[in-house]
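Peer 1:
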Amino acid sequence: GSRDNTGGILDELAKEDDRIMVVHQKNGGHGKALITGIERAQSEFIFLIDSDQQIPLTAFASLWEATAGQDGVFGVRVQRHDPTIRLVLTRFIRFFIRWCFGFTIYDANVPCKIIRRDIWEQARPLIPPDTLAPSLFLAIFMRHSGMRIVENTVPHKMRDSPPLGLKRQWSLFKLTCVGFLQLINLRNKLLNPIV
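Sequence positions in the sequence shown follow the working numbering and run 114 to 308.
1. Is it right to say residue 153 is buried, meaning 16 or more other beta carbons lie within 10 angstroms of its own, or is it exposed?
2. What alpha helix (DSSP H) runs, 4 residues minimum, are completely inside the region 199-273?
3. Nearest to residue 143 by alpha carbon, out of 288, 293, 306 and 298?
4. Touching or not, the region 223-235 and the region 174-181, by the rule of three or more beta carbon pairs under 8 Å?
5. Give a yes or no on contact between the region 241-253 and the region 211-221, applying the rule of three or more CB pairs nearer than 8 Å.
6. Determine the extent of the beta strand (DSSP E) in which residue 162 is found, giving its start and end residues.
7. For the alpha helix (DSSP H) holding residue 136, just list the boundary residues, first then last.
8. Return yes when the Cβ of residue 135 is within less than 7 Å of the Cβ of residue 312, no when it is not.
9. Since residue 121 is in the alpha helix (DSSP H), which residue starts that stretch and which ends it?
And the structure:
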């Protein structure tokens, strides 16, 4: 779903390395792309990271070392380099999770996690295909279920993209409202499971 030449570059890389699986699909947003990638993953562990390079790939090594005996490792952006609106949103998400679910995840929507594949399979029935932030839902599911999670600090860089204009900020706000409704639905599913 990218608008640049990422698909073509990945197609070329896949010709050279059969471990690379390229999926071409209509742009359905971040959540759909993430779910598609996770669903196609075949290894015991799944590494989630955004492609915007705000968190460098060098963060992987320390996260991977921390996976021993764990169900998942979450990156934590201690020193964030994001616009104020994103920082406020993260704090609000942290507060909302604490209020709604009764626990805290410092950086729940961090785009840098390693999880065991079987954990995803357990969480999957609670994560609808149109979920805006499946990584956030996954983190909540794991904490709610008492899974073994380690939170490790990861470096965080400034975005290469231009600052969010008013139109993009408004879009982010509307998506956030939808996302919070989705979180309330997740809470209802977790606290009132259908047996």
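Glycine included, every Cβ here is placed at the ideal spot set by N, Cα and C. Remember, predicted model here, so these are calculated numbers, not experimental data.
Peer 2: In terms of the structure at hand:
1. exposed
2. 230-236 and 247-257
3. 288
4. yes
5. yes
6. 158-162
7. Where residue 136 is concerned, there is no enclosing alpha helix (DSSP H), given that its DSSP letter is neither H nor E.
8. Within the shown structure, residues of the chain are numbered from 114 to 308, placing residue 312 beyond reach of any answer.
9. 119-129
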